[in-house]
Amino acid sequence: MNKLFKHFENNGKKKMVFLHGFNSNGNFIQPLLKLEREYDIISFDFPGCGNEDAGDETITIETYAKFAIEKINTLTEPFILVGHSLGGAIAMNIANHPLVSKVVLLAPLNPFAYQEGIESWLLPTSAQDALNSMQSLVGNDQKEMYFNNIINTAGTFLKNTLPKMDIFKYMVFNQITNQKYLNEILMDKYLSNQKDVILIQGDIDKFIAKESSDKTCKTFKYRKIILKNTGHSIVYERENELNTILNSISKD
Numbered sequence: 123m124n125k126l127f128k129h130f131e132n133n134g135k136k137k138m139v140f141l142h143g144f145n146s147n148g149n150f151i152q153p154l155l156k157l158e159r160e161y162d163i164i165s166f167d168f169p170g171c172g173n174e175d176a177g178d179e180t181i182t183i184e185t186y187a188k189f190a191i192e193k194i195n196t197l198t199e200p201f202i203l204v205g206h207s208l209g210g211a212i213a214m215n216i217a218n219h220p221l222v223s224k225v226v227l228l229a230p231l232n233p234f235a236y237q238e239g240i241e242s243w244l245l246p247t248s249a250q251d252a253l254n255s256m257q258s259l260v261g262n263d264q265k266e267m268y269f270n271n272i273i274n275t276a277g278t279f280l281k282n283t284l285p286k287m288d289i290f291k292y293m294v295f296n297q298i299t300n301q302k303y304l305n306e307i308l309m310d311k312y313l314s315n316q317k318d319v320i321l322i323q324g325d326i327d328k329f330i331a332k333e334s335s336d337k338t339c340k341t342f343k344y345r346k347i348i349l350k351n352t353g354h355s356i357v358y359e360r361e362n363e364l365n366t367i368l369n370s371i372s373k374d
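Next up, the structure:
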């Protein structure tokens, strides 16, 4: 079982399956691992991320959703599905799986999330693109702590991303940053959801604007939790606050 997942806890607590964001990996939950929790963490890498090979199939939100279904089909008990950013869109593709008890969305890619210019943050082709992307990830009070050497961090990000340009470009340009896809295809997934949803959003997120999550919650009547002075990297910026929220959700 553990070989299928990056992290698989089995301590008899409520299970939470975490879906990572674009070009991230199943280790994004590391800040939560060291905390006292009322839930068990399960996570894995999507194709082209972490230790998971990209494979031969074109990477899309739908192929990621299919991949996630294959993983959760190996589970035997109900769980809470937690998706961050792109992982939120994937979560809404699979939310109606019978083992999903409820959904938690962390700054999710949503039907109203279209904004111009983020393509270069997702797939940087220059050092400046990579630097802009890194600087846009976190809230103002977190920048120095999160990136002690942001120039080197941006350089590493660019070096790691350039070889992935071809495998990720379809999903970035035809889905994540495509207004028609968001407004129609992703909208349909949100509309078809039958599970309870809690959406957690940073108020100064530059990747997924708070306004888009506000509209999502209003449209679909989701419970909304806003984290103050928080950017896009909710797990790293507000691990203690997020953990308190997740502990509460696990008991509902």
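Numbering-wise, this note's numbering puts 289 at position 167 of the sequence shown, and it's gapless, one number per residue.
We treat Cβ as the ideally placed atom computed from N, Cα and C, and that holds for glycine.
From the options, residue whose alpha carbon lies closest to that of residue i
i, options, result
"E158", "K135, G353, N305 and T283", "K135"
"I163", "C339, H142 and T247", "H142"
"L208", "I371, N365, D178 and H354", "H354"
"K193", "T180, S334, Y303 and F140", "F140"
"M293", "I151, S370, T182 and G210", "T182"
"S165", "F201, E179 and K291", "F201"
"S334", "N149, E199 and L231", "L231"
"T352", "T283, S258, T341 and I298", "S258"
"E315", "F342, N282, C171 and Q301", "Rather than Glu, the amino acid found at residue 315 in this sequence is Asn. Here the closest residue by C-alpha is F342."
Rounded Cβ spacing between residue i and residue j (contact assumed at less than 8 angstroms)
i, j, result
"N145", "K128", "Contact flag wrong, Cβ pair sits at about 15 angstroms."
"G261", "I326", "5 angstroms"
"E184", "N218", "Contact doesn't hold; Cβ gap of about 15 angstroms is too wide."
"M287", "L244", "Rounded, the Cβ-Cβ distance is 10 angstroms, inconsistent with contact."
"Y161", "N369", "7 angstroms"
"M256", "T275", "6 angstroms"
Where residue i falls: helix, strand or coil (DSSP)
i, result
"I194", "helix"
"S223", "strand"
"K346", "strand"
"F130", "strand"
"Q297", "helix"
"Q257", "helix"
"L375", "Past the boundaries of the shown model lies residue 375; the chain is included only from 123 to 374, so the question cannot be answered."
"Q323", "strand"
"F329", "coil"
"F279", "helix"
"L245", "coil"
"I367", "helix"
"L228", "strand"
"F386", "Only positions 123 to 374 of the chain appear in the structure, and residue 386 is not among them; the question remains open."
"I240", "coil"
"D310", "helix"
"G353", "coil"
"N362", "helix"
Cutoff 7 angstroms; reference residue i; Cβ partners in own chain excluding five residues on either side
i, result
"V295", "Residue identity differs from the one stated: residue 295 is Phe in this sequence, not Val. Excluding residues within five positions, the ones whose Cβ falls inside 7 angstroms are E241."
"N365", "L154, L157 and R159"
"L304", "P233, A235 and Y236"
"E361", "P153, L154 and L157"
"L280", "P246, A249 and A252"
"E179", "T185"
"I371", "I202, V226 and I320"
Sequence-distant residues of the same chain with beta carbon closer than 6 angstroms to residue i, five excluded per side
i, result
"L228", "H206, I322 and I356"
"K337", "F234"
"G177", "P169"
"I330", "A229 and A235"
"V225", "L203, A213, A217, K317 and V319"
"L349", "G324 and R360"
"C339", "L321 and K346"
"I191", "I216"
"N173", "D167"
"K328", "S258"
"T358", "Before going further, note that residue 358 is Tyr rather than Thr in the sequence given. The answer, listed in chain order, is P153."
The ligand SAH heavy atom lying under 6 angstroms from the CB of residue i
i, result
"N215", "Although the ligand SAH was asked about, the structure shown includes no ligands whatsoever."
Residue-level contact to chain D via CB, residue i, 7 angstroms cutoff
i, result
"A331", "The displayed structure is made up of one protein chain only, and chain D is not part of it."
Cβ shell of residue i (< 8 angstroms), same chain only, five flanking positions each side left out
i, result
"E363", "L349"
"N133", "D162"
Subject >> Complete runs of the beta strand (DSSP E) confined to the stretch 134–199 [at least 3 residues] >> reply: As summarised for the stretch 134–199, the continuous beta strand (DSSP E) elements at least 3 residues long and confined to that stretch are 136–141 and 161–165, given in chain order.
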